[in-house]
Amino acid sequence: MLFTPKKLSLLISSLCWLSPYAQTAQAAESVTNVDGQVELLPTTVEGKRDKDAEGRNKVYAENVTNLYLGREELERYQNSNPADVFKGLNGVYSMDSRNGTALSPNIRGLSGEGRVPLTVDGTEQSTNVWLQVYGAGNRNYVDPALFRSISVEKGPSLTRGVKSGVGGAVSVRTIDADDIIADGDTFGFDLKLETSGSTVKPRVDANDYFGRDYRDIPGAVLGADKNVNIPQPVPRTRGHNDTLNFDDNAVMFAVAGRTDFSDLLVSYSERKKGNYFAGKQGAGAYSNNDAYARDSAAYFPNLTKLYKPGNEILSTSNDTSTLLAKNNWYLADNHKIGLSFMRTDLEFAETSSGQAVVMLGFAEELEKQGFRDQLVAEYPKSEIRLDTYKLSHEWKPEGSRWIDLQSNLWMTKTDGERHQTGSGAYYVKEYDTLLEDWKACKAGKPPVSTPDALWNCYIRPELNPFLNAPKPEPDPNVDARVFAGSAQWTSHDRTGFDFSNMIVLRDNLHLTMAGEFQREKLDERVTELDLSGGIGIGGSNFHYATANYGPRSGDRREYAGSMNLEWQALPWLTLTAGTRYNRYSAFDEGLADRRRNRVAGSKINQQKTGVQLDYGQLMTDAEAIRLKTLDAAAIQALSQVTPADSEKWANEKIATPAMAAHLAAQKAFLDFSGKGTHLANNGAYYWLRSVAVPLVDGKVDASQSPFANGSLDASAVVQDAQGNSGEYAVITPISSPRGSNIYALPAAGDEWAEPEKQSGHAWSPVFSATARVTEYGSLFGRYAQVTRFPSIFEVASTSVGMDGGSLATRGATKPERSTNWEIGYAHDLTQFFPDLQLADARLSYFDTTIEDFIERDIYLNVIQFDEKKTTGIEFQSRFDSGRFFGGVGATYRLKQELCDKDYAYSFDVFKNRMPECMTGGFPDTLTASSLQPRYSINTDLGTRLFNERLELGMRSVYHAKAENKDLDDLLNTDYGHDIWVQNSASPLYWKSVLLHDAYARVRVDKHLDLNMGITNLTDRYYMDPMSKIPVPGPGRTLTVGMRARF
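Given below as structure tokens:
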């Protein structure tokens, strides 16, 4: 082919514009003929995919609603906590975002292990952690510094390479060699340095007290049960010098090289961050809430009673370091083998949720008495080590329609020590008796060794304060070293294998087949204490609850296989149909071991089998007349009995005529009245009745209760009963609204029986359709089911039960089954704005129902609820003109409720007034604290200036305040507080907040970038949605940094 030089230059320019990553495999050769025309010889052009552009485009092209953040978006803003990486993903949250260095995804109000799996490079390392009054939390310990992308699917799917749950999936990819090595080069080096302000190094290292003699710690006071109370630092307030004080520093470097057959990446990141400061603006939203309100207004905490505006937030510091190594080999016949290793070491402070809630309650009460002390503490730091190993293989023979194979073998090992039992943090095995007795007597209190004998202070000369008894010397024979009283240790190992292969049956028909296996082994334990004083009232309860209901140990295995057929039936219509098969088995090894060793607390003493309902039933007028007649006759007959009659009957058992008449009258009365009568205050007569209602799957079976199945109506009334005037209840409850528990004793020899091994299997279908209804618009529809089997934590819950039995229920025995309906429409808006490079919008409606939802009940038993329902509308959009770019995301929650007819009935067994479905959940359920805002809005806006060497941008995030109309309607009734009773803590509700973040990035040259960012630009004092500790989020924070590439 012949070209003129002008045409050639136009063609080359077009190719470069169409494929900015195109590169020639070898230098093109050309020949110029005598006419000045250039003849090109054959040239090979290879294109490199832009992974981030592909990911962003899928948001508007894939059938499942999804979101994507590439490396560029992830690096725009510094994260105070890992949870902040979700800040730009509308409708995606992390539970308990300010406590601990972890991610706990919540999508569409669904969270928990297995419901929204988070994978890092295809591996899974999530673990459940005990949070005392808030039960368990699912945590993924990660280091966002090495993230290169986050992909989110908001619903179940069969997407290749995605581990999907009932609520969707979060897939994280870490950096690769290609991200470090520039095109055409064989070596690359990347260095990133950042420092942020608005943090401060903690005044004390709470871990330094461990191993020290408590007598040498200034201000340390021996408390109850050998716990040691150590003075806590007063939070500092942010000043001008804290704007950029170098107490939050981060470094990340990566080195990578490649040859024709291999590449290698080694990267290391480290961040040391102090306690952050809260914002100062808008603190009134958390200052004057009515903590004693009758409705959910009481759930909005007065955070300023713990932390003042601008205060240092204790226990929010962390040190994180990660080493990442990746090695890929590109072999003959398009084989690719990958090896990777990642080690993440985390040391972070976290607040004890139980103690924090108690301190907030104390602060409310003490303020009434004029005390305004800040009851906060610097808790010991937790330590976690996470190791990840992975071996991957890809094979895609050139020209093969049958093989496009991907397989992975991986293992994650999580080991850690946390200080979260709720007990006091510091304990001693023994104390200096004489010294502590002397201190107590000097303070006018009884000796510690004889707390009931104050007189010992006066009869013992060495203690008598009036004799000026000298302070005793410390006893060197006492082991007074401090140890961790609230420690819990976790070892959680996972091993997995997965593969998938895509077959091109026809050009318009693809079949993907996949399989996976995962085994996990969990081992947890806590510090053994007889009791715990804790910090404030309830410490012993917190520790007892943790020791008996918190730790879990077990073994779990799950297998899965799937197939998905994609058919492009017409040029504008694509249909998919697939199914997944799951099988699992699990065993509560921890309980089995405790029973084999006859450990106290694990014995089966009794098992709850039902509830008994005691009540009075109004007699009919005829019955009342008959009863009164018999009663009067019995009284009349008794009046005729003389002392001589009574003596003869008592001594000789001889009934005189008068005594015989009395006994006959008494028998007639008792025969008629049965168990006796109950006389109400209004003078009417009631029969005493009772009915036993059995438990089925750990819940009261409402269908077998006469008050729920329509046989009896506890709200029925009659007028002028039994000759009295006025209104009378037909039924008068005697038992509490929940009845009284019925227990059964275990069979002989079953007291130490091992728990049963659990197993199950299920099929789950998925169907979808995508119609290109116009050149610019696409309509999506999908129906998907997915099955979730119980986690180890849920299976091992057979060992708990606060309602009187160590085997209260069997735990979760059935899988959750999610049914998801979704419709959506996406439109390419360049149809209306042709000058824009990109302009897209997508609107989606979702309806998800999860049957047999696994949750805890009010007694901390794990049971299964009938349904969890979520519905809502989501909107996502973007635009890019080259100079300006941005987007808007919004979510509107229509429904987020937990439903169970039997469980609702158990709160009000006579009148059945608890709604069958409750927004959020029922009392003490974990899902009650996973309630998402009713609506939220994210916006992004940026500009590129000076030939794209300067980029400026801003992000705004709005969350509506927490709302629960169902709960408010119930609590505002005259009976609401009688039936809505909680054994643990109420969820923490948040007020609406609008947050702004801004950034600037300057490309100095191709080797150096400078960046600056400000988060919480307006310095708002706020609390994150779904928090489990009462602390405000970070205030205005300035970050500056640089990135060098070579």
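If you use mature numbering (1 follows the signal peptide of the UniProt record, and there is no 0), the sequence shown corresponds to residues -27 to -1, 1 to 1019, in order. Here a beta-carbon is modelled for each residue, glycine too, at the ideal position from N, C-alpha and C.
Query                                                                                                                                                                                                 : Result
With distances taken from CA atoms, which of E562, V421 and Y749 is nearest A812?                                                                                                                     : Y749
Going by C-alpha distance, which of N222, M486 and M68 is nearest D377?                                                                                                                               : M486
Helix, strand or coil for W622, going by three-state DSSP, please let me know.                                                                                                                        : helix
Find the nearest neighbour of A34 within the set N284, R44, S850 and S737, judged by alpha-carbon distance.                                                                                           : S850
Roughly how many whole angstroms lie between the Cα atoms of H465 and E493?                                                                                                                           : 7 Å
Can L276 and Y259 be called in contact, C-beta distance under 7 Å?                                                                                                                                    : yes
Starting from R851, follow its DSSP beta bridges and name the residues at the other end.                                                                                                              : D813 and G860
Taking the alpha carbon of A638 as the reference point, which residue from E625, T615 and T602 has its own alpha carbon closest?                                                                      : T602
Does T705 come out as helix, strand or coil in the three-state DSSP assignment?                                                                                                                       : strand
Within 10 Å of its beta-carbon, does K1001 have 16 or more other beta-carbons around it, so buried, or fewer, so exposed?                                                                             : buried
Between A633 and Q609, what straight-line distance do the alpha-carbon atoms span, to the nearest angstrom?                                                                                           : 13 Å
Three or more C-beta pairs under 8 Å: does that hold for the stretch 343 to 354 against the stretch 362 to 382?                                                                                       : no
In this structure, how does DSSP classify L802 when only helix, strand and coil are distinguished?                                                                                                    : helix
Quick check on the DSSP output: what are the complete beta strand (DSSP E) runs of length 3 or more inside the stretch 308 to 363, in order along the chain?                                          : 308 to 322
Is the stretch 682 to 701 touching the stretch 580 to 594 in the sense that three or more CB pairs, one from each, lie closer than 8 Å?                                                               : yes
State yes or no: is the C-beta of L287 within less than 7 Å of the C-beta of A1017?                                                                                                                   : no
Leaving aside the five residues before and after T822 along the sequence, list all residues of the same chain whose C-beta is less than 6 Å from its C-beta, in chain order.                          : T792, E840 and K842
In angstroms, rounded to a whole number, what distance separates the CA positions of M1015 and D982?                                                                                                  : 6 Å
Report, in whole angstroms, the separation of the C-beta atoms of T87 and G138, which I expect to be a contact under 8 Å.                                                                             : Per the sequence presented here, residue 87 reads as Gly, with Thr not at that position. Correct: roughly 5 Å between the Cβ atoms.
Taking 7 Å as the threshold (C-beta atoms), are S459 and S526 in contact?                                                                                                                             : no
Per DSSP, what kind of secondary structure is M632 in: helix, strand or coil?                                                                                                                         : helix
Looking at the structure shown, is W302 part of a helix, part of a strand, or coil, going by DSSP?                                                                                                    : strand
Could you tell me which uninterrupted beta strand (DSSP E) segments, each at least 3 residues in length, are contained entirely in the stretch 375 to 417, listed from first to last along the chain? : 378 to 392 and 399 to 401
If you draw a straight line from the C-alpha of Q905 to the C-alpha of G862, how long is it?                                                                                                          : 15 Å
Quick check: D873 and S269, are their CB atoms within less than 7 Å of each other?                                                                                                                    : no
Between which two residues does the beta strand (DSSP E) harbouring H651 extend?                                                                                                                      : T650 to L652
If you draw a straight line from the C-alpha of E795 to the C-alpha of W375, how long is it?                                                                                                          : 32 Å
Mind listing, in chain order, the continuous alpha helix (DSSP H) runs of no fewer than 4 residues lying wholly within the stretch 533 to 618?                                                        : 562 to 569 and 594 to 612
Per DSSP, what kind of secondary structure is A426 in: helix, strand or coil?                                                                                                                         : coil
Does the beta carbon of E409 come closer than 7 Å to any beta carbon on chain C?                                                                                                                      : The displayed structure is made up of one protein chain only, and chain C is not part of it.
Which one of E789, S741 and V739 has the shortest CA to CA distance from R761?                                                                                                                        : E789
Residues in the same chain with beta-carbon distance under 6 Å from N261, minus the five sequence neighbours each way, listed in chain order, please.                                                 : none
In angstroms with no decimal places, state the Cα-to-Cα distance between V58 and R121.                                                                                                                : 12 Å
Under the rule that 16 or more other beta-carbon atoms within 10 Å means buried, what is P282, buried or exposed?                                                                                     : buried
I'd like the ranges of any beta strand (DSSP E) spanning at least 3 consecutive residues and lying wholly in the stretch 160 to 205.                                                                  : 160 to 169
Just the Cα atoms here: how many angstroms apart are V37 and D674?                                                                                                                                    : 39 Å
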